[in-house]
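Here is the structure we will look at.
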Amino acid sequence: MLIALVVLGAIAAGALYWLNHGKIVAEGCSVKTPAGEGTLEIPQAANAATITAVAHARGLPDRAVTIALATAMQESKIHNLSGGDRDSVGLFQQRPSQGWGTADQISDPVYATNKFLDGLVKVPGYTRLPLTDAAQQVQKSGYPQAYAKHETKATLLASALTGREAASVNCVVHAFAEPEAPAPTVAAAGDAASPAAPAAPDRTQQLTDRVRREFGRTVTAAGGYSSSIKGAENAVALTPEPSASTESGPDAARQNGWAVAHWAVTHAQQLGIRTVAYDGKIWRMAKSADGWKPQASGTSTSLVLVSLAANTAKS
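Letter by letter, the sequence shown follows residues -12 to 302 in the working numbering.
Written out as structure tokens, the structure reads:
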């Protein structure tokens, strides 16, 4: 009887989603550019966007992003693996025993990406080398030619995530992840009670912290932005720093904005992002199967507007 009720509940939920959205589309992310198309699972897309953001924060060229993405495709399929060959860990399957850091450090995508890029920028002329040669000089893999097979897909993904191809990344999201709870605060001196309960999770703070950590000083996040966009009135403004671009001019500024907008979409499930608006377009989680849609007013090319769900996964 219980099983029957569960099945009926699932059918009802599916029917409701069908009524609200017109069709059921599986969660996941897609990339569509004039050069081709590709699909990714949401965690893969988020990790790829993090790799791109870290490279952007360091002022590295798109070629560095392509090499890093191809390497992660080969080593982990862009999943943050808890284990692998021998003591390998993380996106790039780096090994604590080989001096890459502790297992906990390597399990952090930002740390792992920075360690990979630390090695890459030391390779003379890496932007001109065949991709597999540049990657191998960092990784010292037992399969040095394996990276080459990922170059086409990595190039496609890099062109989208760096913002060169506007509105080219979409993620279909059905539900948000639970926001991470802050660590408990330490009780005052002399208080024998247990540590104080943590404050309620704050999605705005989590978004701000994540942007700062991944983009560094190249993007500024500020909450409390009053937006005229329906459903996104109280937004977080993500403002790319123009001087951080490796290029100049309005096209470069617009590209930086799309890099941030695509990053936000790939992290929407994890961070509880309801809408992303930029450059005359808007992405809405509630209609994410439709992708980016025109937005007549309320957007600009100087900042990316992000609205967040309430501090629960069901919002």
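Positions of the beta carbon are idealized from the N, C-alpha and C atoms, including for glycine.
Task: Contained alpha helix (DSSP H) runs [length at least 4] in the stretch 82 to 109, N- to C-terminal order - done: 90 to 93 and 96 to 107
- [ ] Could you say which of Ala276, His254, Asn243 and Lys274 lies nearest to Asp266 if we only look at CA atoms?
- [x] Position 279 of the sequence shown holds residue 266. Among Ala276, His254, Asn243 and Lys274, the Cα nearest to that of Asp266 belongs to Asn243.
TODO: Label Arg82 either buried or exposed according to how many other C-beta atoms from any shown protein chain fall within 10 Å of its C-beta, with 16 as the threshold for buried.
DONE: Your numbering for residue 82 matches position 95 in the sequence shown. So Arg82 ends up on the buried side.
Task: Cβ-Cβ separation, Leu258 to Arg200 (assumed contact under 8 Å), whole Å - done: One-based indexing of the sequence shown puts residue 200 at position 213. One-based indexing of the sequence shown puts residue 258 at position 271. About 12 Å separates the two Cβ atoms, so there is no contact after all.
TODO: Tell me where the beta strand (DSSP E) around Asn221 begins and ends.
DONE: Sequence index remark: in the sequence shown, residue 221 carries index 234 (1-based). Looking at the DSSP string, the run of the beta strand (DSSP E) that includes Asn221 is Asn221 to Pro227.
Open item on the list: On the CB-based measure, 16 or more other CB atoms within 10 Å of its CB, does Gln282 come out buried or exposed?
Closed with: Against the sequence shown, residue 282 aligns to sequence position 295. So Gln282 ends up on the buried side.
Task: Thr114 in three-state terms, based on DSSP - done: Your numbering for residue 114 matches position 127 in the sequence shown. Thr114 falls in the coil class under three-state DSSP.
- [ ] Kindly provide the ranges of any beta strand (DSSP E) runs that are 3 or more residues long and lie completely inside the stretch 254 to 286, ordered along the chain.
- [x] Restricted to the stretch 254 to 286, the beta strand (DSSP E) segments that are unbroken, complete and at least 3 residues in length are 260 to 265 and 268 to 271, listed in chain order.
Task: Closest by C-alpha distance to Val108, when choosing among Gly46, Lys19, Thr195 and His254 - done: As a working note, residue 108 is residue 121 in the sequence shown. Comparing Cα-Cα distances from Val108 to each of Gly46, Lys19, Thr195 and His254, the minimum goes to Gly46.
Open item on the list: On a Cα-Cα basis, can you pick out the residue from Val263, Pro188, Asp238 and Leu194 that is closest to Gly218?
Closed with: Residue mapping note: residue 218 aligns to position 231 of the sequence shown, counting from 1. Closest option to Gly218, Cα to Cα, is Val263.
Open item on the list: According to DSSP, is Leu(-5) part of a helix, a strand, or is it coil?
Closed with: By one-based count along the sequence shown, residue -5 stands at place 8. Residue placement at Leu(-5) is poorly supported in this model, since its pLDDT is 44, which falls under 50; the coordinates still yield a value, given next. Helix, per DSSP.
- [ ] Report yes if the CB atom of Val159 is closer than 8 Å to the CB atom of Ala276, and no otherwise.
- [x] Position 172 of the sequence shown holds residue 159. Position 289 of the sequence shown holds residue 276. In this structure, Ala276 lies closer than 8 Å to Val159 by Cβ.
TODO: In the DSSP assignment, find the alpha helix (DSSP H) that holds Leu144 and state where it starts and stops.
DONE: Translated into the one-based positions of the sequence shown, residue 144 becomes position 157. Segment Glu138 to Leu148, the alpha helix (DSSP H) holding Leu144.
- [ ] Return yes when the Cβ of Asp49 is within less than 8 Å of the Cβ of Ala145, no when it is not.
- [x] Walking along the sequence shown from the start, residue 145 turns up at place 158. Walking along the sequence shown from the start, residue 49 turns up at place 62. It is a contact, given that the beta carbons lie within the stated cut-off.
TODO: Please list, in chain order, all residues of the same chain as Tyr113 whose beta carbon is under 6 Å from its beta carbon, the five residues on each side excluded.
DONE: Here residue 113 refers to the residue found at position 126 of the sequence shown. Leu107 and Ala121.
Task: Counted within 10 angstroms of its Cβ, other Cβ atoms place Val12 as buried (16 or more) or exposed - done: For the purposes of this step, residue 12 is identified with residue 25 of the sequence shown, where counting begins at 1. Exposed, because fewer than 16 other Cβ atoms sit within 10 Å of the Cβ of Val12.
Task: Where the beta strand (DSSP E) containing Asn157 begins and where it ends - done: Taking the first residue of the sequence shown as position 1, residue 157 is located at position 170. Its beta strand (DSSP E) spans residues Val156 to Val159.
Task: Classification of Gly150 by the beta-carbon crowding that lies within 10 angstroms, buried from 16 upward - done: Position 163 of the sequence shown, counted from the first residue, corresponds to residue 150. Its Cβ being crowded by 16 or more others within 10 Å, Gly150 is buried.
Task: Assigned exposure category for Pro111 - 16 Cβ within 10 Å defines buried - done: Numbered from its first residue, the sequence shown carries residue 111 at position 124. So Pro111 counts as exposed.
Open item on the list: Using only the alpha-carbon positions, how far apart do Ala273 and Leu116 sit?
Closed with: In the sequence shown, residue 273 corresponds to position 286, counting from 1. In the sequence shown, residue 116 corresponds to position 129, counting from 1. Distance from the CA of Ala273 to the CA of Leu116, rounded to the nearest whole angstrom, comes to 44 Å.
Open item on the list: What does the alpha-carbon distance come out to for the pair His43 and Arg73?
Closed with: Along the sequence shown, read from residue 1 onward, the residue named residue 43 stands at position 56. Along the sequence shown, read from residue 1 onward, the residue named residue 73 stands at position 86. Taking the straight line from one Cα to the other gives about 31 Å.
TODO: Verify whether the separation of the beta carbon atoms of Ala40 and Cys16 is less than 8 Å.
DONE: Counted from its first residue, the sequence shown places residue 40 at position 53. Counted from its first residue, the sequence shown places residue 16 at position 29. Result no, Cβ atoms of Ala40 and Cys16 do not sit closer than 8 Å.
Open item on the list: If distances are taken between C-alpha atoms only, which option among Ala99, Asn298 and Glu152 comes closest to Thr20?
Closed with: To locate residue 20, count along the sequence shown from 1; it is residue 33. Of Ala99, Asn298 and Glu152, the residue nearest in Cα terms is Glu152.
TODO: Return the chain-ordered list of same chain residues with a C-beta closer than 7 Å to the C-beta of Ala296, the five sequence neighbours on each side being excluded.
DONE: Residue mapping note: residue 296 aligns to position 309 of the sequence shown, counting from 1. Excluding sequence neighbours, Ala296 sits near Phe163, Arg190, Gly259, Arg261 and Ser302.
Open item on the list: Does Pro237 pass the burial test, meaning 16 or more other C-beta atoms within 10 Å, or should it be called exposed?
Closed with: Sequence index remark: in the sequence shown, residue 237 carries index 250 (1-based). The residue in question, Pro237, is exposed, as its Cβ has fewer than 16 Cβ neighbours within 10 Å.
Task: Leu295 in three-state terms, based on DSSP - done: Taking the first residue of the sequence shown as 1, we reach residue 295 at position 308. In the structure shown, Leu295 sits in a strand (DSSP, three-state: E or B).
Task: Boundaries of the alpha helix (DSSP H) in which Glu201 is found, first to last residue - done: Translated into the one-based positions of the sequence shown, residue 201 becomes position 214. Start and end: Arg190 to Phe202.
Task: Start-to-end residues for the alpha helix (DSSP H) that takes in Ser63 - done: Sequence index remark: in the sequence shown, residue 63 carries index 76 (1-based). Taken as a continuous stretch (DSSP letters only), the alpha helix (DSSP H) holding Ser63 covers Asp49 to Ser63.
Task: Best match in Gln124, Val156, Thr58 and Pro229 for proximity to Thr253 [C-alpha to C-alpha] - done: Here residue 253 is taken as the residue at index 266 of the sequence shown, counted from 1. Comparing Cα-Cα distances from Thr253 to each of Gln124, Val156, Thr58 and Pro229, the minimum goes to Val156.
Task: Cutoff 7 Å; reference Ala141; Cβ partners in own chain excluding five residues on either side - done: Here residue 141 corresponds to residue number 154 of the sequence shown, with the count starting at 1. Same-chain partners within the cutoff: Thr53, Leu56, Ala57 and Met60.
- [ ] Determine the direct distance from the alpha carbon of Ile216 to that of Thr205, and round the result to whole angstroms.
- [x] Position 218 of the sequence shown, counted from the start, is the residue given in the question as residue 205. Position 229 of the sequence shown, counted from the start, is the residue given in the question as residue 216. The alpha-carbon atoms of Thr205 and Ile216 are separated by roughly 25 Å.
Open item on the list: Just list the residues that DSSP pairs Lys19 with in beta bridges.
Closed with: Residue numbering aside, residue 19 sits at position 32 when the sequence shown is read from its first letter. According to DSSP, Lys19 bridges with Glu24.
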